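First to last, the sequence lines map onto chains S and A. Counting from 1, one number per residue, gives the positions in the first sequence under the numbering used here. Counting from 1001, one number per residue, gives the positions in the second sequence under the numbering used here. Ideal Cβ positions, reconstructed from N, Cα and C, are used throughout, including at glycine. A quick note: this is a predicted structure, and the numbers were derived from the prediction, not measured.
2 protein chains.
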Amino acid sequence: MSKKTELKVAVIQRELSVDVAKNKQKIKDAIKEASKNGAKLIVLQELHNTEYFCHKEDVRFFDLAESIPGPSTVEFGELAKELGVVVVLSLFEKRAAGIYHNSAVVLEKDGSIAGIYRKMHIPDDPGFYEKFYFTQGDIGFKAIDTSVGRLGVLVCWDQWYPEAARLMALDGAEILIYPTAIGWDMNDTSEERRRQLEAWITIQRAHAVANGIPVLVANRAGLDGGVEDSSTFWGNSFICGEQGEFLAQADNQNESIIYASLDLARSDKVRRIWPFFRDRRIDAYGDILKRYGK
Amino acid sequence: MSKKTELKVAVIQRELSVDVAKNKQKIKDAIKEASKNGAKLIVLQELHNTEYFCHKEDVRFFDLAESIPGPSTVEFGELAKELGVVVVLSLFEKRAAGIYHNSAVVLEKDGSIAGIYRKMHIPDDPGFYEKFYFTQGDIGFKAIDTSVGRLGVLVCWDQWYPEAARLMALDGAEILIYPTAIGWDMNDTSEERRRQLEAWITIQRAHAVANGIPVLVANRAGLDGGVEDSSTFWGNSFICGEQGEFLAQADNQNESIIYASLDLARSDKVRRIWPFFRDRRIDAYGDILKRYGK
Chain S
1 MSKKTELKVA
11 VIQRELSVDV
21 AKNKQKIKDA
31 IKEASKNGAK
41 LIVLQELHNT
51 EYFCHKEDVR
61 FFDLAESIPG
71 PSTVEFGELA
81 KELGVVVVLS
91 LFEKRAAGIY
101 HNSAVVLEKD
111 GSIAGIYRKM
121 HIPDDPGFYE
131 KFYFTQGDIG
141 FKAIDTSVGR
151 LGVLVCWDQW
161 YPEAARLMAL
171 DGAEILIYPT
181 AIGWDMNDTS
191 EERRRQLEAW
201 ITIQRAHAVA
211 NGIPVLVANR
221 AGLDGGVEDS
231 STFWGNSFIC
241 GEQGEFLAQA
251 DNQNESIIYA
261 SLDLARSDKV
271 RRIWPFFRDR
281 RIDAYGDILK
291 RYGK
Chain A
1001 MSKKTELKVA
1011 VIQRELSVDV
1021 AKNKQKIKDA
1031 IKEASKNGAK
1041 LIVLQELHNT
1051 EYFCHKEDVR
1061 FFDLAESIPG
1071 PSTVEFGELA
1081 KELGVVVVLS
1091 LFEKRAAGIY
1101 HNSAVVLEKD
1111 GSIAGIYRKM
1121 HIPDDPGFYE
1131 KFYFTQGDIG
1141 FKAIDTSVGR
1151 LGVLVCWDQW
1161 YPEAARLMAL
1171 DGAEILIYPT
1181 AIGWDMNDTS
1191 EERRRQLEAW
1201 ITIQRAHAVA
1211 NGIPVLVANR
1221 AGLDGGVEDS
1231 STFWGNSFIC
1241 GEQGEFLAQA
1251 DNQNESIIYA
1261 SLDLARSDKV
1271 RRIWPFFRDR
1281 RIDAYGDILK
1291 RYGK
């Protein structure tokens, strides 16, 4: 009766360093391992080619940016083609002089570019000075068609916005994907750190619940090889199902590749018994487009 | 330097029955107990005067409805005044012949009506035939000013909609409040029941996280005194803080009153370090007002 729609996915969690060549090799090795273990969709963490340079504002870091298409889409594209896998990259994009983006690229299994997403919500807080580097995205919240399904790719700070997840789901996304780089300020108390981590897990599981689709989150772990002023990235990459249930979860410090087998037909089943989309009050949501309602 | 803004709140979880007089007495006793223990804001579960009659469609149940203002706002208003507490009621409202609502009423500590909310999202699924009884609300998502703060009151099915929570927060709500009546179909597997309960907790904690304000949830527990076809209400009423952290939680079956001391000044502190409201892309959220984006 029902179409077989199983999809094995992998999320890669790695500690990175200031050495771009080494980072790329590490990521490629991980992609190969994930492919060898049967994954057909592989998700990488945010800005995986480089250290998380946004820990300070320094114009020299703009040299790390590249065009899309560009060197990374070519070399990772070749790997995607060789392995026959769909890969979600996260790149520092140079679009023009003075216009840089924090972008995700979805590579099709033939090595071509299936689509790109430019981070829409740009954070700026101590240790995460992203507004200095990245122009906010202007493509909007558009899901990307691939051979393994229609993907809603968002990036890091987007993860705190239910609007972003909803818009991707309304655009037909079958899976939500978050490359991310988030960590602790170790000066915070352990209670505060626990609250932050739990909040981050909770809100992304809630995007799965609200929209009835799986969520894949790839975070950094560790210290970027001891970069001064770096946050301690808290790992905890995870995969959850259509009801927000955990399918796989990494710990807070180890390098790991986590896997899950998704059944993309399950979303329809979950949405039949929890028909949130049926009852949305689109006639009454207008004030969502306001900065503040009062 | 900072204004003292502590507020003790209570959430009441009770098992109800088909006997309205008994239910009311039980609820009043609980309000008195909560007040005695220092609560200044007291939240009741959904449709607390009656059984959860929506387990079937029967025109006779419309006789349970009442006007607002009406008998319940008068008698609970007298109690609110006597105790000097703000109370959130949940009533089956008869607005006109053929127009009935699932409404919440906020009673001020002087016994007056501070404001009402009419449930905007109306569910309909096996055991929860609410579309038969309730016209969807037409007041919208308006927070209600009281002596203990500006309250964003939503009801049950609304809890699955991030839009509803966001709209209340954008309207200045300092606390989100959910009277609710949700339970298990005991024919479901224990795994499915666990997923449902966790999803329900997760998405409401996420509303706290997304909006940086506390959330109070009052659910029914038990079987409505053994009403035929009734769901098994899963209790688990809870209170969480601005980062979604648990402050108090009831179990899945016992009658209980849970308490927390909220510091309403903390929301601003949390929003300073997690400034989600600063970065909302209101220029790019327009498709939220569509039924489906494709």
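Where residue i meets chain S, residues with beta-carbon distance less than 7 angstroms
i         : result
A/VAL1209 : ALA199, THR202 and ILE203
A/PRO1162 : PRO162, ARG166 and ALA210
Own chain residues within Cβ distance below 7 angstroms of residue i, not counting five before or after
i         : result
A/GLN1253 : ALA1221, GLY1222 and GLY1235
S/GLY84   : LYS109
A/SER1256 : GLN1013 and ALA1250
S/VAL209  : GLN243 and GLY244
S/PRO69   : ILE113
A/PHE1076 : VAL1087, LEU1089 and LEU1107
A/PHE1246 : PHE1238 and CYS1240
A/ALA1173 : ALA1143, ARG1150, LEU1151, GLY1152 and ILE1213
A/THR1146 : VAL1086, VAL1106, GLU1108 and ALA1114
Interface flag, residue i vs chain A, CB-CB below 8 angstroms
i        : result
S/VAL234 : Inspection of the sequence shows that residue 234 of chain S is occupied by Trp rather than by Val. No, its Cβ sits nowhere closer than 8 angstroms to a Cβ of chain A.
S/GLN243 : yes
S/ALA206 : yes
S/ARG220 : no
S/ARG195 : yes
Rounded straight-line distance, which links the Cα of residue j to that of residue i
i         : j         : result
S/TYR161  : A/ARG1278 : 12 angstroms
A/TRP1184 : S/ALA206  : 20 angstroms
A/TYR988  : A/VAL1059 : Outside the modelled stretch of chain A, which goes from 1001 to 1294, sits residue 988 of chain A, for which no answer is possible.
S/GLU165  : S/ASP171  : The question names Glu, but residue 165 of chain S is Ala in the sequence shown. C-alpha separation (whole angstroms): 10 angstroms.
A/SER1002 : A/ARG1150 : Only weak support is given to the placement of A/SER1002: the predicted model assigns it a pLDDT of 48, under 50, and the value that follows is read from those uncertain coordinates. Near 19 angstroms, if we compare the C-alpha coordinates of A/ARG1150 and A/SER1002.
A/TYR1100 : A/PHE1092 : 7 angstroms
A/THR1202 : S/GLY212  : 13 angstroms
S/PHE11   : S/VAL148  : The sequence given here places Val at residue 11 of chain S; Phe does not occur at that position. Cα to Cα, S/VAL11 sits roughly 15 angstroms from S/VAL148.
A/CYS1054 : A/GLY1127 : 7 angstroms
A/ALA1039 : A/TRP1157 : 26 angstroms
A/SER1267 : S/ILE139  : 32 angstroms
A/ASP1224 : S/ASP283  : 35 angstroms
S/VAL270  : A/ASP1124 : 15 angstroms
A/ALA1080 : S/VAL43   : 55 angstroms
S/GLN159  : A/ALA1199 : 17 angstroms
A/THR1232 : S/ARG280  : 26 angstroms
A/LEU1047 : S/ALA265  : 36 angstroms
A/SER1017 : A/ALA1096 : 27 angstroms
A/ILE1182 : S/ARG194  : 29 angstroms
A/ALA1030 : A/GLN1045 : 12 angstroms
A/ALA1218 : A/THR1180 : 6 angstroms
A/GLU1192 : S/LEU167  : 27 angstroms
Close-in-space but distant-in-sequence residues of the same chain around residue i (CB under 6 angstroms, 5 per side omitted)
i         : result
S/ILE122  : GLU130, LYS131, PHE134 and GLN136
S/TYR117  : ALA104 and VAL153
S/SER35   : LEU83 and VAL85
A/LEU1197 : TRP1234
A/ASP1287 : GLY1293
A/PRO1275 : none
A/SER1067 : LYS1094
S/LYS119  : ASN102, GLY137 and VAL155
S/SER261  : GLU6 and LYS8
Contact with chain S by residue i, beta-carbon distance below 8 angstroms
i         : result
A/MET1001 : Bear in mind that a pLDDT of 44 at A/MET1001, under 50, signals an unreliable position, so the number given afterwards is only what the model happens to contain. Taking Cβ atoms only, chain S never reaches closer than 8 angstroms to A/MET1001, which makes this a no.
A/PHE1141 : yes
A/ARG1266 : no
9 angstroms Cβ cut-off: residues of chain S touching residue i
i         : result
A/PHE1132 : Within 9 angstroms Cβ-Cβ: nothing; A/PHE1132 doesn't reach chain S, min ~14 angstroms.
Contact set for residue i: own chain, Cβ-Cβ below 8 angstroms, skip 5 residues either direction
i         : result
S/PHE62   : LYS94, TYR100 and TYR133
A/ASN1049 : VAL1020, ASN1023, LYS1024, ILE1027, LEU1064, SER1072, LEU1091 and PHE1092
Next on the checklist: Any C-beta of chain A within less than 8 angstroms: which residues of the stretch 272 to 293 of chain S qualify?
Outcome noted: ILE273, TRP274, PRO275, PHE276, PHE277, ASP279, ARG280, ARG281, ILE282, ALA284, TYR285, GLY286, ASP287, ILE288, LEU289, LYS290, ARG291, TYR292 and GLY293
Next on the checklist: For the stretch 1171 to 1186 of chain A, list every residue whose C-beta sits within 9 angstroms of some C-beta in chain S, in sequence order.
Outcome noted: So the list reads ASP1171 and GLY1172, given in the order they occur along the chain.
Item to check | Contact set between the stretch 102 to 128 of chain S and chain A, restricted to residues whose Cβ is under 9 angstroms from the partner | outcome: Within the stretch 102 to 128 of chain S, the residues whose Cβ lies closer than 9 angstroms to some Cβ of chain A are MET120, HIS121, ILE122, PRO123, ASP124, ASP125 and PRO126, listed in chain order.
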